[in-house]
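Trainee: Counting along the sequence shown from 1, when you hit position 27 you're at 280 in my numbering, and nothing is skipped either side.
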Amino acid sequence: MLQSANKQFHSTETALLKLHNDTNLNIDNGKVTALTLLDLSAAFDTIDHDILNTRLSTWYGISSIALSWFTSYITDRRQAIKIGNCFSVMLPTSCGVPRVLFWGPCCSLCIQHH
């Protein structure tokens with residue numbers, strides 16, 4: 254398994270180079286290569302705010318000021334779509350978290366695991 258995101262000196266380019274090299278080595282050695290790709294970037298767009306707040310509180314014991322801070326971070330957000338130079342109307346979001354380096358994956362884990 255290869256995971257290269259958020260690792261120093263790793264990028265999409267280095268991941269593709271490794272994949273290409275490993276595939277060529279397997280072909281040269283008469284082996285079959287199977288590839289499965291998983292893109293979790295859209296997973297952060299589906300996190301329900303109410304479920305996340307409930308789980309942070311009941312499962313992880315986050316309360317009071319910390320829970321209020323986190324709730325304010327994910328609520329009352331709006332989004333629009335831009336195509337070329339045209340923007341859609343700004344609409345409120347009820348799910349999804351901003352894709353900040355740490356919070357997006359953290360929120361996803363809070364929803365998926367306990």
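Note that CB positions come from ideal geometry on N, CA and C, so glycine has one too.
Work out the CA separation of residue 306 and residue 275 for me, nearest whole Å.
Mentor: Here the question's residue 275 lines up with position 22 in the sequence shown. Here the question's residue 306 lines up with position 53 in the sequence shown. Spanning the two alpha carbons is a distance of roughly 43 Å.
Trainee: Does the Cβ of residue 337 have 16 or more other Cβ atoms within 10 Å, making it buried, or fewer, making it exposed?
Mentor: On the sequence shown, residue 337 is found 84 positions in, with the first residue counted as 1. Exposed.
Trainee: Within the same chain, show all residues whose beta-carbon is closer than 7 Å to that of residue 316, passing over the 5 residues directly before and after it, in chain order.
Mentor: Locating residue 316 in the sequence shown gives position 63, counting from the first residue. Only 310 meet the Cβ criterion.
Trainee: Can you list the alpha helix (DSSP H) stretches of 4 or more residues lying completely in the stretch 286-338, in chain order?
Mentor: You should have 302-311, 317-327.
Trainee: Please report the distance separating the alpha-carbon of residue 271 from that of residue 281.
Mentor: In the sequence shown, residue 271 corresponds to position 18, counting from 1. In the sequence shown, residue 281 corresponds to position 28, counting from 1. Cα-Cα distance, rounded: 15 Å.
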